[in-house]
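Since the structure comes first, as structure tokens, the remarks are kept for the end.
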Amino acid sequence: MAINIQRIGHVGFLVSDFERSFKFYTEVLGCTLTHRTKRDNGSETAFLRFDEDHHNIVIATAPPGTDVSIDGQPVRLIQQIALEVENRDEFFRALAHLHERGVEPVAGPLIHGIEGGGNVGGSGSRSFYFLDPDGNRLEIFTDGMKVPNGEQFPRAEYAEAMKAFSHA
Ligand SMILES: [Fe+2]
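Sequence positions in the sequence shown follow my numbering and run 507 to 674.
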């Protein structure tokens with residue numbers, strides 16, 4: 507008996523400036539608001555969605571004294587949150603959309619894997635990374651390979667060729 511998890515349903519994190527992050531996730535990233543609540547102490551929570559799920563991203567006011575702002579540090583507790591888009595067109599639409607709003611990639615656009623000069627373990631996805639207002643690293647990607655039914659990755663039938671053409 508195993509736990510058969512299908513995917514990550516949502517991620518939630520604390521933000522240093524709720525309004526600033528709310529604007530970023532709704533107006534810049536284009537999330538749809540499902541539900542927003544404000545408590546007596548002024549702290550807020552918003553449940554945001556991409557499509558039909560009730561929520562995919564939750565943002566909540568960080569309690570006073572919690573260190574969630576980037577404050578000059580290059581790394582955050584959240585290493586990354588990766589957001590998948592349908593295809594290459596949508597990938598470049600997202601890149602253009604963010605660029606028009608002054609949000610530039612901190613890495614990429616690139617391809618993970620040997621096609622992009624990386625190693626054989628890469629998924630082959632097209633990808634770029636950018637930061638939210640608190641410095642959390644977000645990724646937009648498309649076309650990552652699947653690893654179906656417990657198969658090995660890379661598949662034996664082309665693992666040797668991948669190694670031969672790997673530059674990493
Ligand atoms: Fe990633």
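Even glycine gets a Cβ: it sits at the ideal position worked out from N, Cα and C.
Asked, Found
"Three-state secondary structure assigned by DSSP to residue 672", "coil"
"Whole-angstrom C-beta distance between residue 632 and residue 620, which should lie under 8 Å", "About 14 Å separates the two Cβ atoms, so there is no contact after all."
"Cβ shell of residue 528 (< 7 Å), same chain only, five flanking positions each side left out", "552 and 565"
"Same chain, Cβ closer than 7 Å to residue 560, neighbours up to 5 away in sequence not counted", "540 and 553"
"Every unbroken alpha helix (DSSP H) inside the segment 576-609 [4 residues or more]", "594-606"
"Meets three-Cβ-pair contact criterion under 8 Å: the segment 579-599 and the segment 645-661", "yes"
"Test item: CB-CB of residue 587 and residue 653 under 8 Å", "no"
"Beta-carbon proximity of residue 630 to residue 656, cut-off 8 Å", "no"
"Residue closest to residue 519, alpha-carbon to alpha-carbon, out of 623, 585 and 667", "585"
"Rounded distance between the beta-carbons of residue 634 and residue 615, thought under 8 Å", "4 Å"
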